[in-house]
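*Asks:* Chains as they are written, first to last, in my numbering: chain A, 45 to 379; chain B, 45 to 379. Beta carbons: idealized from backbone N, C-alpha and C, even for Gly. Have a look at this one before I ask anything.
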DNA sequence: CTGAAAGCGCTTACAG
DNA sequence: CTGAAAGCGCTTACAG
């Protein structure tokens, strides 16, 4: 039940002043080696740790980063968080997690409280609802309070912040081209996120690749059952040979339709989706997917934020990093 | 670019003392209604927010909770975190996330830093490695520093802390009994986590239910490929009619074996596993699962911690809450 | 080389 | 009803 010892107590025990103790522990050249030695020994003995709250108050910072996550059950975001935590740890920073649940209201609450100064900077993936309603006032509020913001993953929203995202457009351009290069041209696309930025980019990539084909085939809906029906139509009526899925939901819906209609993957239908490695690899058949490297994204997001905080970037000029995706072929795209 | 206004600045603008401003903003009865009014108006105008770091220093607390998560990609833990964040939010607390990656070393580092006083309390699910090596010194260190600890999910480790977990034993007792009651008695169990506490409890529940049967059938291994082989043997040679899987990995391995060997689920083999709702429901066939209510677990974990912090529990006596699981039948257990 | 003092931004017991 | 003072636990410019 030893309670934390303070500088003051240490000073009393040593019969020196608080300043001396503090300096000694900070390797200040002002302090004589002998005193420094004594201080450090006693500090070690009592396992002295500076009170982080006091240090932060003194330094006018918090030592913490705020991460706003739209949906933690999405393993992409879970991994991004892991990458952030990892990098923060290296810098002795703490990560405070806020979950918006894709809700504008919740996101506003979070940003509002963040303006009080709980964190040194904010990492945010803007919620779907926010994107739909294009209401970014709460984010601007953060900026007005001079709190550095890094927008991650969902970046093409025109916000005046540093950004780090994934090469969404290129990923689907390449995926579609992969099939085309193999002579498969009846390629469809399924999406449950066609209304948000990253969905639009993926669709754009697909369309660019399909530019020279006669037709494109889209199945899009935010409503699961409608999406399922449209996917079914694409497979059974339009008879596409391959399908690109922009998100987990559409990929899983496609597998479901194939299962119910006895369509063989990859024999009758080839599939590439966006999902996390461990889900993709475990499905039967395993699902070819686009690896987004979430861990690295999280790492870099924190680096960018810290560069901004420490003034390494020119103010008024924003950094935009794009992480290259990797197309991983598992069973579902086998030719 | 408005930077945060402080109490002192507010006081100067109003020509009153800092104490008066502080009291006025705290609805102190000492302050005249007129002054209170003036203060509040100006505070609102400047959008004054007390600096949380200063408030915390004054109150000798941090206003934050530390959550240690073994594996954030496991959607169970992601949801638990979400439940914690939710409850913390209600109390105006911040959640700091630490990820141990099932590593004892990392867990030690985390606990060590936590003793410095970054948080008011800790919520932890002990890593697998820690359980295997039974090295709990770092957790005892936390307790010695008088930092309240709540152990969640992985609770049967004999630690002197408050606990909240899931009714692991009963869940599998009921799952096995479900099949037995329907006349299916060749029930096997597959596990990749038989070496950790929760795995052992699930196996125990299964064995209790099977007490009156001639035989039990186990496939256990921490090595994926070995596990797969053993599961295959259980299905193809031992010819079990139903399989209970203690974890995601064994469930997914089982689906995989069925896929490769052309075993029909549920016709030839019935399956119940532990996994999250949205994965279970999306598989083809959908997989019957045991719902653990992670969100509620997270909620309650924070409540317990806060009760402990605020002294609502008798010291030296520990609370142990168990959340009842729900067996959800989807396609894979259809009779 | 050491220490007293000021200060980070607050809260609150105490004096007037 | 208002304000000066002390203090939360630290750091650091300054004096000696």
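Measuring straight from C-alpha to C-alpha, what distance separates residue 122 of chain A and residue 58 of chain B?
*Replies:* 48 Å
*Asks:* Looking at residue 87 of chain A and residue 208 of chain A, is the spacing between their C-beta atoms short of 7 Å?
*Replies:* no
*Asks:* Three-state secondary structure (DSSP) at residue 303 of chain B?
*Replies:* helix
*Asks:* Skipping 5 residues on each side, what residues in its chain have a beta carbon closer than 6 Å to that of residue 230 of chain A?
*Replies:* For residue 230 of chain A, where only same-chain residues beyond five positions count, the Cβ hits under 6 Å are 284 and 285.
*Asks:* Pull up the distance between the alpha-carbon of residue 299 of chain A and that of residue 275 of chain A, whole angstroms please.
*Replies:* 10 Å
*Asks:* Cβ atoms of residue 111 of chain B and residue 167 of chain B: under 7 Å apart, would you say?
*Replies:* yes
*Asks:* Bridge partners of residue 196 of chain B, per DSSP?
*Replies:* B/208
*Asks:* Does the distance from the C-beta atom of residue 165 of chain A to that of residue 204 of chain A stay below 7 Å?
*Replies:* no
*Asks:* Taking only runs of the alpha helix (DSSP H) that begin and end inside the stretch 232-265 of chain A, which ones reach a length of at least 4 residues, in chain order?
*Replies:* Whole alpha helix (DSSP H) segments, 4+ residues: 241-253.
*Asks:* Between A/347, A/341 and A/349, which has its C-alpha nearest residue 369 of chain A's C-alpha?
*Replies:* The shortest C-alpha separation from residue 369 of chain A is found at A/341.
*Asks:* Taking the runs of the beta strand (DSSP E) that are 3 residues or longer, which of them lie wholly in the stretch 45-132 of chain A?
*Replies:* If one requires a minimum length of 3 residues, the beta strand (DSSP E) runs lying completely within the stretch 45-132 of chain A are 108-113, in chain order.
*Asks:* Expressed to the nearest angstrom, what Euclidean distance is found between the alpha-carbon atoms of residue 139 of chain A and residue 108 of chain A?
*Replies:* 6 Å
*Asks:* What number of angstroms, rounded off, separates the C-alpha of residue 307 of chain A from the C-alpha of residue 301 of chain A?
*Replies:* 8 Å
*Asks:* Mind pulling the chain A residues with CB within less than 7 Å of residue 231 of chain B?
*Replies:* Near residue 231 of chain B there are no residues of chain A at all, since even the closest Cβ is about 22 Å away, more than 7 Å.
*Asks:* Could you confirm whether any beta carbon from chain A is found closer than 7 Å to the beta carbon of residue 138 of chain B?
*Replies:* yes
*Asks:* Name the two residues that bound the continuous beta strand (DSSP E) containing residue 141 of chain A.
*Replies:* 138-143
*Asks:* Quick one: which chain B residues come within Cβ less than 8 Å of residue 352 of chain A?
*Replies:* Chain B residues near residue 352 of chain A: none, gap ~15 Å exceeds 8 Å.
*Asks:* Are the C-beta of residue 98 of chain A and some C-beta of chain B separated by less than 7 Å?
*Replies:* Any Cβ of chain B closer than 7 Å to the Cβ of residue 98 of chain A would place that residue at the interface, and such an atom is present.
*Asks:* Helix, strand or coil: which one does DSSP assign to residue 376 of chain B?
*Replies:* helix
*Asks:* Tell me residue 370 of chain B's beta-bridge partners as DSSP assigns them.
*Replies:* The partner list for residue 370 of chain B (beta bridge, DSSP) reads B/335.
*Asks:* Along chain B, which residues have their Cβ under 9 Å away from the Cβ of residue 201 of chain A?
*Replies:* What residue 201 of chain A touches in chain B: nothing, since even the nearest Cβ is about 22 Å away.
*Asks:* Can the beta-carbon of residue 196 of chain B be found less than 7 Å from the beta-carbon of residue 159 of chain B?
*Replies:* no
*Asks:* Could you name the residues of chain A that residue 303 of chain B contacts, counting a contact when the two beta carbons are closer than 8 Å?
*Replies:* 328 and 329
*Asks:* From the DSSP output, in three-state form, read off residue 383 of chain A for me.
*Replies:* Residue 383 of chain A cannot be examined here, being either before or after the span of chain A that is shown, 45 to 379.
*Asks:* Under 6 Å from any heavy atom of the ligand GDP, does the C-beta of residue 346 of chain B make it?
*Replies:* The ligand GDP is not part of this structure, which contains no ligands at all.
*Asks:* Counting only the same chain and skipping the five closest in sequence on each side, list residues whose C-beta sits under 6 Å from that of residue 217 of chain B.
*Replies:* Taken in chain order, the residues that qualify are 249, 252 and 253.
*Asks:* How about the stretch 166-186 of chain B and the stretch 327-336 of chain B: do they share at least three Cβ pairs that are nearer than 8 Å?
*Replies:* no
*Asks:* Counting only C-beta atoms, is residue 362 of chain A closer than 7 Å to chain B at any point?
*Replies:* no
*Asks:* For a minimum of 4 consecutive residues, which ranges assigned as the alpha helix (DSSP H) are wholly contained in the stretch 135-190 of chain B?
*Replies:* 148-158, 172-177 and 181-188
*Asks:* Three Cβ pairs or more, each shorter than 8 Å: is that satisfied between the stretch 220-236 of chain A and the stretch 259-268 of chain A?
*Replies:* yes
*Asks:* Closer than 7 Å, CB to CB, is residue 79 of chain B near chain A or not?
*Replies:* no
*Asks:* Is the stretch 345-356 of chain B close to the stretch 124-137 of chain B, with three or more CB pairs under 8 Å?
*Replies:* yes
*Asks:* Going by DSSP, what residue range makes up the alpha helix (DSSP H) through residue 321 of chain B?
*Replies:* 321-326
*Asks:* For residue 103 of chain A, count neighbouring C-beta atoms within 10 Å of its own C-beta (all shown protein chains included) and say buried if the count is 16 or more, exposed if not.
*Replies:* exposed
*Asks:* When you compare the CB of residue 122 of chain B with every CB in chain A, is at least one pair closer than 7 Å?
*Replies:* yes
*Asks:* Within a Cβ cutoff of 7 Å, which residues of the same chain sit near residue 66 of chain A, ignoring the five residues on either side of it in sequence?
*Replies:* 51
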